[in-house]
Amino acid sequence: MLADSVESAARALPDPTPERIRELVDRIVKNKMDQRQLDETPLTLAELSA
157 MLADSVESAA RALPDPTPER IRELVDRIVK NKMDQRQLDE TPLTLAELSA
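Residue numbering for the sequence shown follows the working numbering, beginning at 157 and increasing consecutively.
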């Protein structure tokens, strides 16, 4: 779910620099968390930010 979201969004970036991709990943993860889509995952925030 996360990888698919990030991959498709990153492919749509007009100028995909490492910094822009990092920001994109942060936004997508925050959005998924805000929507409570990660509530049942065994992943920790530390693992997601590694």
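Using N, Cα and C, we set each Cβ at its ideal position, and we do this for glycine too.
Please read all numbers here as calculations on a predicted model, not as lab measurements.
Query - Beta carbon of residue 180 nearer than 8 Å to that of residue 169 - result: yes
Query raised in the report: Does DSSP classify residue 199 as helix, strand or coil?
Result: coil
Query raised in the report: Would you say residue 179 faces chain D, with C-beta separation under 8 Å as the test?
Result: No chain D appears in the structure shown, which is made up of a single protein chain.
Query - Cβ-Cβ separation, residue 177 to residue 158 (assumed contact under 8 Å), whole Å - result: In fact, because the Cβ distance is near 13 Å, the residues do not count as touching under 8 Å.
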